[in-house]
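Student:
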Amino acid sequence: MTDTLTLGKALNLGLRRAMEDDAKVVLMGEDIGRLGGVFRITDGLQKDFGEQRVVDTPLGEAGILGTAVGLAMRGYRPVCEIQFDGFVFPAYNQIVTQVAKLHARSRGRLPMPIVIRIPFGGGIGAVEHHSESPEAYFAHTAGLKVVAVSSPADAYWGIQQAVAHPDPVVFLEPKRRYWEKGVVDTDATPGPLFGSRVVRGGDDVTVLAYGPMVKTVLQAAEVAAGEGRSLEVVDLRTLSPLDLDPVYDSVRRTGRCVVVHEAPVTLGLGAEIAARVTETCFHSLEAPVLRVGGYDTPYPPSKLEEDYLPDLDRVLDAVDRSLGF
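First residue of the sequence shown? That's 9 in our numbering, and the numbers climb one at a time after it.
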């Protein structure tokens, strides 16, 4: 069945279907039960599945993840909601020292099928600690898988695939895209969870993005097309492991590459991607791989965030600089 859903509703339906398919799936988080979560992603699930499977936790992220580790050891599949990206850091110790390592430390005897849902990125006019982009911390940590969805279809299928996956998955949700709509085929056969995808074909420059920046880059491609420039847009979708084969194929054709993300440029995901593209496609490149991202400052007050976040003009400026070589 095909339906038009917001990204938030697609997540809700995906979680519902995962809970229907496996009685061991347990949702945990602050205010996710009766309230349905700050963004209402879990709305109605406690009513239908009960308080034992949709658990309103105390305000303590370390406790949420510590409890999830114990549940995973006993065969459950916990799905932990972090209310906002900036609130994940109290749980960082549990995630990187326990969740990421117990499977290897136990030589495979203790799988950790935990999903950590994190609304990430800016653009909603929030206060401090509510608009972070912490993806590089987790992508750098061996033992964690990291996924960043950008569309309702990917959200619907991706959350189900993450819940069913045997390893821990940090599932990044672009909070400013929660209310944007797209077509979801709930009877489709989904593609692999850990795979990137070309979402717009082009010949002149390969532009890479993930999460909230995919829409921005697609808008830039529309503007560029009106100026006679053809941008190929790749939605990375998975940040660990990176699936760069479609990227390499694209760059070998276009000879140019621009990477866009909200996180600060220094030591962001774009740095790793630029290095790998340069190593693999060196003889095909007509210009250096360029990066567009946030500035190397703490996330600013909401009235300044539009100056901080990459926008259409900054993406197109990078495209112009790439074509200028």
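Glycine residues also receive a C-beta, built at the ideal position from the N, C-alpha and C atoms. These numbers were taken from a predicted model, which means no experiment stands behind them.
In terms of alpha-carbon separation, which member of P174, V215, D212 lies closest to L201?
Tutor: For this step, residue 201 is matched to residue 193 along the sequence shown. Here the closest residue by C-alpha is P174.
Student: Kindly give me the distance between the Cβ atoms of R42 and Q60, rounded to whole angstroms, as I take these residues to be in contact under 8 angstroms.
Tutor: What you label residue 42 is simply residue 34 of the sequence shown in a count that begins at 1. What you label residue 60 is simply residue 52 of the sequence shown in a count that begins at 1. Contact doesn't hold; Cβ gap of about 14 angstroms is too wide.
Student: With distances taken Cα to Cα, identify the nearest neighbour of S238 among V327, S114, R82.
Tutor: One-based indexing of the sequence shown puts residue 238 at position 230. Checking every option, the nearest Cα to that of S238 belongs to V327.
Student: By alpha-carbon positions, which one of G131, M81, R85, G133 ends up nearest to D117?
Tutor: Counting from 1 along the sequence shown, the entry for residue 117 is found at position 109. Position check: residue 117 holds Arg in this sequence, whereas Asp was assumed. Residue M81 is the option with its Cα nearest to R117.
Student: Can you give the Cα-Cα distance for A134 and A279, rounded to whole angstroms?
Tutor: Position 126 of the sequence shown, counting from 1, holds the residue named residue 134. Position 271 of the sequence shown, counting from 1, holds the residue named residue 279. Distance between the alpha carbons of A134 and A279 is about 28 angstroms.
Student: Give the DSSP-derived three-state secondary structure of K17 in the structure shown.
Tutor: Position 9 of the sequence shown, counted from the start, is the residue given in the question as residue 17. Note: K17 maps to helix in three-state DSSP.
Student: Kindly indicate which three-state DSSP category S139 falls into: helix, strand or coil?
Tutor: For the purposes of this step, residue 139 is taken as the residue at position 131 of the sequence shown. In this structure, S139 counts as coil in the three-state DSSP scheme.
Student: Looking at the secondary structure, which residues open and close the beta strand (DSSP E) in which I122 lies?
Tutor: The residue labelled residue 122 in the question sits at position 114 within the sequence shown. Neither: I122 is in no beta strand (DSSP E) and is coded neither H nor E.
Student: If you follow the alpha helix (DSSP H) that P160 is part of, which residue opens it and which one closes it?
Tutor: If you number the sequence shown from 1, residue 160 lands on position 152. That run of the alpha helix (DSSP H) goes 160-172.
Student: Which of the three DSSP states is assigned to A282 in this structure?
Tutor: Counting from one through the sequence shown, the residue named residue 282 turns up at place 274. If DSSP states are grouped into helix, strand and coil, A282 belongs with the helices.
Student: Could you check how far apart the C-beta atoms of A161 and G203 are, in whole angstroms? I think they sit under 8 angstroms.
Tutor: Here residue 161 refers to the residue found at position 153 when the sequence shown is read from its first residue. Here residue 203 refers to the residue found at position 195 when the sequence shown is read from its first residue. Going by Cβ atoms, the distance from A161 to G203 rounds to 14 angstroms, so no, they are not a contact pair.
Student: Under the rule that 16 or more other beta-carbon atoms within 10 Å means buried, what is R245, buried or exposed?
Tutor: Reading the sequence shown from its first residue, position 237 is the one you call residue 245. So R245 ends up on the buried side.
Student: With distance defined between alpha-carbon atoms, name the residue in S310, R329, L312 nearest to R299.
Tutor: Taking the sequence shown and counting its residues from 1, the one referred to as residue 299 is at position 291. Per the Cα distances, R329.
Student: Alpha carbon to alpha carbon, what distance is there between D30 and N101?
Tutor: Here residue 101 refers to the residue found at position 93 of the sequence shown. Here residue 30 refers to the residue found at position 22 of the sequence shown. Each residue's Cα considered, the two are about 29 angstroms apart.
Student: Using only the alpha-carbon positions, how far apart do V323 and D93 sit?
Tutor: Position 315 of the sequence shown holds residue 323. Position 85 of the sequence shown holds residue 93. Each residue's alpha carbon lies about 24 angstroms from the other.
Student: Just how far apart, CA to CA, sit G209 and V192?
Tutor: Here the question's residue 209 lines up with position 201 in the sequence shown. Here the question's residue 192 lines up with position 184 in the sequence shown. Rounded to the nearest angstrom, the two C-alpha atoms are 21 angstroms apart.
Student: Would you list, in sequence order, the uninterrupted beta strand (DSSP E) runs of no fewer than 3 residues that lie entirely inside the region 205-287?
Tutor: 205-208, 213-217, 239-243, 246-248, 265-272, all fully within the region 205-287.
Student: What is the DSSP secondary structure of F128, counted as helix, strand or coil?
Tutor: What you label residue 128 is simply residue 120 of the sequence shown in a count that begins at 1. F128: strand per DSSP, three-state reduction.
Student: So which of M36, A229, L275 has the shortest CA-CA distance to I72?
Tutor: Position 64 of the sequence shown holds residue 72. Answer by Cα proximity: M36.
Student: Say yes only if the C-beta of D193 is nearer than 7 angstroms to one or more non-hydrogen atoms of the ligand FAD, and no if none qualify.
Tutor: Ligands are entirely absent from the displayed structure, and the ligand FAD is therefore not among its contents.
Student: Quick one: Cα of Y316 to Cα of Y145, how far?
Tutor: Locating residue 316 in the sequence shown gives position 308, counting from the first residue. Locating residue 145 in the sequence shown gives position 137, counting from the first residue. Approximately 20 angstroms, taken between the alpha carbons.
Student: Starting from the C-beta of R25, find all residues in its chain whose C-beta is less than 7 angstroms away, skip the five residues before and the five after it, and write them out in chain order.
Tutor: Position 17 of the sequence shown, counting from 1, holds the residue named residue 25. Q168.
Student: Given a threshold of 16 other Cβ atoms within 10 Å of its Cβ, counted over all protein chains shown, does E235 qualify as buried or as exposed?
Tutor: By one-based count along the sequence shown, residue 235 stands at place 227. So E235 ends up on the exposed side.
Student: Beta-carbon within less than 6 angstroms of S159's beta-carbon, same chain only, minus the 5 sequence neighbours each way: which residues are those?
Tutor: For the purposes of this step, residue 159 is identified with residue 151 of the sequence shown, where counting begins at 1. Correct list, in chain order: G190.
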